[in-house]
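*Asks:*
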Amino acid sequence: MSTAYNPETVELEAQKHWSDARSFEVGEDAGKDKFYCLTMFPYPSGKLHMGHVRVLTISDVIARFQRMQGKHVMQPMGWDAFGMPAENAAIKNKVPPAKWTYANIKEMRAQMDRLGYAYDWSREIATCDPKYYRWEQWLFTRMFEKGLVYRKNSIVNWDPVDQTVLANEQVIDGRGWRSDALVERREIPQWFMKITAYADELLEELERMPGWPDSVKTMQKNWIGRSEGVELTFDVADEDEPLTVFTTRPDTLYGVTYMAVAAEHPLAEKAAATNPDVAAFVEECKQTDAAEATLETMEKKGMALGINVIHPLTGEEVPLWVANFVLMSYGTGAVMAVPGHDERDWEFAKKHGLPIKQVIAPADGSEIDIDEAVYIDKGVTVNSGDYDGLDYQSAFDAIADWFEENGRGRRTVNYRLRDWGVSRQRYWGAPIPIIYCDDCDAVPVPEDDLPVVLPEDVEFTGHGSPLNDMPEFVNVKCPNCGKDARRETDTFDTFVESSWYFARYACPDSESAMLDERAAYWMPVDQYTGGVEHAILHLLYSRFFQRVMRDEGLTDVSEPFTNLLTQGMVLKDGAKMSKNKGNVVDPQELIAKYGADTVRLFMMFAAPPEQALEWSDDGVQGSFRFLKRYWNAVQDHMAGGPAPDLPASALDAGPKELRRKTHQSIAKIGDDLGRRYTFNTAVAASMELINAVTRFDDKSDAGRAVVHEALEAVTLMLSPIVPHICHALWAQLGNETALVDERWPVLDESALEADLVEIVVQVNGKLRGRVSVAADADNDAIASQALQDSNVQRFVEGKEVRKTIVVPGRLVNIVV
RNA sequence: GCCGGGGUGGCGGAACUGGUAGACGCGCCGGAUUCAAAAUCCGGUUUCCGAAAGGAAGUGAGGGUUCGAUUCCCUCCUCCGGCACCA
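Under my numbering, read the first sequence as residues 30 to 845, first letter to last.
#1: Bridge partners of residue 101, per DSSP?
#2: Could you tell me the alpha carbon to alpha carbon distance between residue 99 and residue 772, rounded to whole angstroms?
#3: Any idea what DSSP makes of residue 445, helix, strand or coil?
#4: Along the alpha helix (DSSP H) that carries residue 709, what are the first and last residues, could you check?
#5: Helix, strand or coil for residue 244, going by three-state DSSP, please let me know.
#6: By how many angstroms is the C-alpha of residue 194 removed from the C-alpha of residue 306?
#7: In three-state terms, what does DSSP make of residue 30?
#8: Are the beta-carbon atoms of residue 318 and residue 190 separated by less than 8 Å?
#9: Who are the Cβ neighbours of residue 522 in its own chain at under 7 Å, not counting the five residues just before and after it?
#10: Could you please give me the residues that DSSP links to residue 20 through a beta bridge?
#11: Below 8 Å on the Cβ atoms is my contact criterion, and I expect residue 156 with residue 111 to pass it. Report the Cβ-Cβ distance as a whole number of Å.
#12: Excluding the 5 residues flanking residue 30 on each side, which residues of the same chain have their C-beta closer than 6 Å to its C-beta?
#13: Report yes if the CB atom of residue 90 is closer than 8 Å to the CB atom of residue 754, and no otherwise.
#14: Whole angstroms are fine: how far does the CA of residue 690 sit from the CA of residue 198?
#15: Going by the beta-carbon positions, is the gap between residue 25 and residue 253 smaller than 8 Å?
#16: Residue 836: buried (16+ other C-beta within 10 angstroms of its C-beta) or exposed?
#17: How should residue 543 be labelled, buried or exposed, when 16 other C-beta atoms within 10 angstroms of its C-beta is the threshold for buried?
#18: Taking DSSP as the reference, what is the three-state secondary structure of residue 90?
#19: With distances taken from CA atoms, which of 80, 66, 128, 274 is nearest residue 102?
#20: Please identify the residue among 779, 406, 297 whose C-alpha is closest to the C-alpha of residue 395.
#21: Where do the ends of the alpha helix (DSSP H) carrying residue 405 lie?
#22: What is the rounded straight-line gap between the Cα of residue 314 and the Cα of residue 272?
#23: How long is the line joining the alpha carbons of residue 37 and residue 673, rounded to whole angstroms?
#24: From the DSSP output, in three-state form, read off residue 845 for me.
#25: Pick out whichever of 659, 172, 290, 715 has its Cα sitting closest to the Cα of residue 359.
#26: Please state whether the Cβ-Cβ distance between residue 802 and residue 790 is less than 8 Å.
#27: If we count Cβ pairs, one from each stretch, closer than 8 Å, do we get three or more for the region 722 to 737 versus the region 776 to 787?
#28: Any chance you could list the alpha helix (DSSP H) runs of at least 4 consecutive residues sitting entirely within the region 610 to 676, in chain order?
#29: When DSSP labels each residue in this structure, what does residue 148 get in the three-state scheme?
#30: Would you call the CB atoms of residue 113 and residue 153 closer than 8 Å?
#31: From 665, 657, 601, pick the residue whose C-alpha is nearest to that of residue 641; which is it?
#32: Can you tell me whether DSSP reads residue 303 as helix, strand or coil?
#33: Report all residues from its chain with a CB closer than 7 Å to the CB of residue 804; omit the five preceding and five following residues, and keep chain order.
#34: Where residue 404 and residue 183 are concerned, what is the direct C-alpha to C-alpha distance, given to the nearest angstrom?
#35: State the DSSP-derived secondary structure class of residue 394, mapped to helix, strand or coil.
Okay, here's the thing in structure tokens:
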């Protein structure tokens, strides 16, 4: 049957086969080698965009490839269904967030099916389902009992006009996105999870994660930011409470010429109460959003508080400043300033005319001028009283010892990592299961009363959470004492849902426990794929949650993701696709025009997965053209009737060459798909093989047999990427089995052997010729043959050969 | 500002462990087919000099190590991601 390639017919038929045969639904089979292949689940924003198509296709290729290696593959899909866009849509369209979200899920699931992804839909999860979020509410109450959650004040962006808390994203140039009012920092009580209790474990385990990219591990390591130092207390003149600071450089203590606190620090607020200038400055510091990037790029400003701090070793008084770059959320909210040996302190001192003292000298004895340039290297102490002449470690120990012996401080470890604030003042999230009682304080909702179900039928105004206006939700009895009490109306950060969904896919229907024994079979995830933008937050929170679940006895697994692949963004005209920029390409239109296989192929071919992918309409057409060529190659071949078997006797040069290409391709593509994850080069190699078949015109039995072998091999090897067309062509090649159940082609090592190899000849590192030598020639034979090349002779003639380097199988470099 | 990643023909990219820079594809140029166009097929395509053989230059910029550097080291430029309430 010779027909033109019709993607839609081919694709719907293949999809029907997979669906009828339930090809991708898997149970737990202890006798089989499991492979859990997972993509970071999407937010149901409406329709799939190209970024989704890219990550979903990458993961699908890996899943299908592993299945062909004989693995028992599970690839689930679900929805990160809570989040702000549903609330924004609710305000705009007057649709309840739940309704909007479920409609989006329905549409996006249909699009995924049309793209032919190998999902086990029986495991589908939507995080806004109470059957899902009840378990994170339950885990939160368990953490509460263990002291792993606590409540404290923390800073949010406050929109003074809309009277609402804004996300960082909703602050544009320091102003609220709807009201355009200047945003303020404001402190409100919020719930925190003690991720810092796991800081050391999260850090140390990074050393034993070979399946993660080094870049991600480095980012997490720096984010955790473990540093060993000393906590020092400074007495404050006319104050009872001392000021505590953390430093990694106690060796520079004699260089302290001032101290600084954050605007929210109690000492700054105390000074503000009596000094209007300070009060104005503190207010000014708060007129900004809470993002760290904002604070770090702001002009460094400060003001003396009129308070003096007493240097613990010299007894001298140094001034205390309030500064906008000191973060209340990091350390103690106070720092000691050593302008001679800290870059930021130096610049601040220069600007405000504060003294700069040199207390460290270069170890090599060279002279420096501390007024001209800051000196931040470790060296030898000078101008440091009894502690002069010590190297960094000796000075560190001597000064740390003094503080510990005198009860004025202690050696300690500090982390940049902060505890995870999980409270959100939003409606569309999982309710935090807490009840506030005047007598009993904050009481966790008892297990029997879980889940705390989020009311889904709501009026949405946009002024704060509708939960606050729902007495039937808020007014409850205290579970402890039975008196009237109030329910928490804050909801969880949506990162809470995404921190454990991967484990729940193993047992999505479990009603008796968060996880059951099926999770022991499937966890950890063997291959996790998602955007680099999640390198820190999502992945670190997930590693933390997995450990909390472990310590709750739910699993033995500590690390949730064995191998991690971070894929790049999809760009058009050099920019991320977005509605604002008007550079969005809709996958739906392309599927209608070219079919799902073309879209999948282009995505895999255009760039390696980690890199950003530049969209190209022409490139998509090229992919479509290739599929037509591939289709036609099979039609042409099969038009000659059923293919004969490979002859047992030796092949002539032509068929032998094609057969070598076939088996080189099997080795190359298997390596690209299985180890390197360079899908682009796997596609290129497939194209080369099909080009070789197209050029090959030996219609003898032996010729047709090697062509048939090549076409079957390429059909198997392309099937993870373009499964539909391969499904159809596999049948056309005369196979009665379904391609989805086939194994990867077997490599015949003997077919790779060649008699002659081409060697490149260089003279002084420049390419001067090529010679063909026997594959088993020794180095001397290769070198002498290289010297005989006429063009090589031109450059060697009359010169002395100083050295000859032979790289077997590759090149000869003659140095004259 | 801090942390991480990138920069190679007209374009997307390849070169995996220091060993032929530009595989594969797009675009473009020429040809075939066609009444014509689309589609398809064949050939060419880093730049400069040259009819060709061949030569010279060339992987963001500058320096270094090496017989040999896109690859390793140093300095700088630039773009992208993250910075804790976008997901």
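Yeah, the Cβ is synthetic: ideal placement off N, Cα and C, and Gly gets one too.
*Replies:* Concretely, from the data shown:
#1: Numbered from 1 along the first sequence, position 72 holds the residue referred to as residue 101. The secondary-structure analysis by DSSP pairs residue 101 across a beta bridge with 63.
#2: Within the first sequence, residue 99 is the residue found at index 70, counting from 1. Within the first sequence, residue 772 is the residue found at index 743, counting from 1. Approximately 7 Å between the Cα atoms of the pair.
#3: Here residue 445 corresponds to residue number 416 of the first sequence, with the count starting at 1. Looking at residue 445 - three-state DSSP - the assignment turns out to be coil, as it is neither helix nor strand.
#4: Here residue 709 refers to the residue found at position 680 of the first sequence. For residue 709, the enclosing alpha helix (DSSP H) stretches over residues 708 to 724.
#5: Working through the first sequence from its first residue, we reach residue 244 at position 215. Three-state DSSP puts residue 244 in a helix.
#6: For this step, residue 306 is matched to residue 277 along the first sequence. For this step, residue 194 is matched to residue 165 along the first sequence. Looking at the backbone, the Cα of residue 306 and that of residue 194 are separated by about 28 Å.
#7: To locate residue 30, count along the first sequence from 1; it is residue 1. Its pLDDT being 45, under 50, residue 30 is placed unreliably in this model, and the coordinates cannot settle the point.
#8: Taking the first residue of the first sequence as position 1, residue 318 is located at position 289. Taking the first residue of the first sequence as position 1, residue 190 is located at position 161. Result no, Cβ atoms of residue 318 and residue 190 do not sit closer than 8 Å.
#9: Locating residue 522 in the first sequence gives position 493, counting from the first residue. Its chain contains 451, 453 as the residues whose beta carbon lies nearer than 7 Å to that of residue 522, once the 5 sequence neighbours on both sides are disregarded; these appear in chain order.
#10: No statement about residue 20 is possible, as the shown extent of the chain runs from 30 to 845 and does not include it.
#11: Taking the first residue of the first sequence as position 1, residue 156 is located at position 127. Taking the first residue of the first sequence as position 1, residue 111 is located at position 82. Confirmed, about 6 Å.
#12: What you label residue 30 is simply residue 1 of the first sequence in a count that begins at 1. Residue confidence is low: residue 30 scores 45 on pLDDT, short of 50, so the model does not pin down where it sits. Its coordinate-derived value is still stated next. Answer for residue 30: no residue qualifies.
#13: The count along the first sequence starts at 1 and reaches residue 90 at position 61. The count along the first sequence starts at 1 and reaches residue 754 at position 725. Using a Cβ distance threshold of 8 Å, residue 90 and residue 754 do not count as a contacting pair.
#14: Position 169 of the first sequence holds residue 198. Position 661 of the first sequence holds residue 690. So the two alpha carbons sit approximately 53 Å from each other.
#15: The structure shown has nothing for residue 25, since the chain only spans 30 to 845.
#16: Sequence index remark: in the first sequence, residue 836 carries index 807 (1-based). So residue 836 ends up on the exposed side.
#17: For the purposes of this step, residue 543 is taken as the residue at position 514 of the first sequence. Residue 543 is buried by the Cβ-count criterion.
#18: Counting from 1 along the first sequence, the entry for residue 90 is found at position 61. Residue state, collapsed to three classes: helix.
#19: Translated into positions along the first sequence, residue 102 becomes position 73. Ranking the options by Cα distance to residue 102, first place goes to 66.
#20: Residue 395 sits at position 366 when you count from the first residue of the first sequence. Taking each of 779, 406, 297 in turn and checking the Cα distance to residue 395, the smallest one comes out for 406.
#21: Taking the first sequence and counting its residues from 1, the one referred to as residue 405 is at position 376. No alpha helix (DSSP H) holds residue 405; DSSP gives it neither H nor E.
#22: Here residue 314 corresponds to residue number 285 of the first sequence, with the count starting at 1. Here residue 272 corresponds to residue number 243 of the first sequence, with the count starting at 1. Residue 314 and residue 272: Cα-Cα distance of roughly 21 Å.
#23: Start at 1 with the first residue of the first sequence, and residue 37 comes out as number 8. Start at 1 with the first residue of the first sequence, and residue 673 comes out as number 644. Distance between the alpha carbons of residue 37 and residue 673 is about 32 Å.
#24: Translated into positions along the first sequence, residue 845 becomes position 816. DSSP places residue 845 in the coil class of the three-state scheme, outside both helix and strand.
#25: Residue 359 sits at position 330 when you count from the first residue of the first sequence. In terms of Cα proximity to residue 359, the closest of 659, 172, 290, 715 is 290.
#26: By one-based count along the first sequence, residue 802 stands at place 773. By one-based count along the first sequence, residue 790 stands at place 761. Cβ distance not < 8 Å, so residue 802 and residue 790 don't count as in contact.
#27: Between the region 722 to 737 and the region 776 to 787 there are fewer than three C-beta pairs closer than 8 Å, too few to call the two in contact.
#28: Runs of the alpha helix (DSSP H) lying entirely within the region 610 to 676, each at least 4 residues long, are 616 to 623, 625 to 634, 646 to 667 in chain order.
#29: Translated into positions along the first sequence, residue 148 becomes position 119. Residue state, collapsed to three classes: coil.
#30: One-based indexing of the first sequence puts residue 113 at position 84. One-based indexing of the first sequence puts residue 153 at position 124. Judged by their CB atoms, residue 113 and residue 153 are not nearer to each other than the 8 Å cut-off.
#31: Position 612 of the first sequence holds residue 641. Nearest of 665, 657, 601 to residue 641, Cα basis: 601.
#32: Reading the first sequence from its first residue, position 274 is the one you call residue 303. Reduced to three states, the DSSP call for residue 303 is helix.
#33: What you label residue 804 is simply residue 775 of the first sequence in a count that begins at 1. Cβ neighbours of residue 804 beyond the five flanking positions: 783, 784, 785, 786.
#34: Within the first sequence, the letter at position 375 stands for residue 404. Within the first sequence, the letter at position 154 stands for residue 183. When only Cα atoms are considered, residue 404 and residue 183 end up about 36 Å apart.
#35: Along the first sequence, one-based indexing puts residue 394 at 365. The answer is coil: DSSP assigns residue 394 none of H, G, I, E or B.
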